[in-house]
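Here's the structure we're looking at; comments come further down.
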Amino acid sequence: MRKIFAAIVFLGVAAQLAGCGYTPQQRATSGAALGGATGAAIGATTGGGVGAALAGGVLGAATGAIIGANTAPPPPPVYYPPPPPRCARWGHDVYGNAYCIEYYGY
Numbered sequence: 053m054r055k056i057f058a059a060i061v062f063l064g065v066a067a068q069l070a071g072c073g074y075t076p077q078q079r080a081t082s083g084a085a086l087g088g089a090t091g092a093a094i095g096a097t098t099g100g101g102v103g104a105a106l107a108g109g110v111l112g113a114a115t116g117a118i119i120g121a122n123t124a125p126p127p128p129p130v131y132y133p134p135p136p137p138r139c140a141r142w143g144h145d146v147y148g149n150a151y152c153i154e155y156y157g158y
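Numbering-wise, the sequence shown is residues 53 to 158 according to my numbering.
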């Protein structure tokens, strides 16, 4: 019963850490934390003792940091400015330069 409770708590914490970070450094840090905890949990459940848990934690943290740093979040959306209004009627100034007098839709 204790192992099941510990596994549920661990999965809850892992799910919260999985989405952390926007920069590669933040993603590497959260990946290292998640990988280290997962590796330590796997090493401890194999029954190898403290050494297996420590080795699993170190290997998991290294792997999580590498994978977290090399994954990138989706790029932010690009918003383009609206197109300029179209001119409905042109006029000319004293020097003969054309300029818009009236726009469509106004």
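Backbone N, C-alpha and C define an ideal beta-carbon position, used for all residues, glycine too.
{"query": "In this structure, how does DSSP classify R79 when only helix, strand and coil are distinguished?", "result": "helix"}
{"query": "Out of S82, Y156, A107, Y155, point me to the one whose CA is closest to I118's CA.", "result": "S82"}
{"query": "What first and last residue would you give for the beta strand (DSSP E) that runs through A124?", "result": "First-last for A124: undefined, no H or E at that position."}
{"query": "When DSSP labels each residue in this structure, what does G148 get in the three-state scheme?", "result": "coil"}
{"query": "My output table needs one value for G157: the three-state DSSP class, helix, strand or coil.", "result": "coil"}
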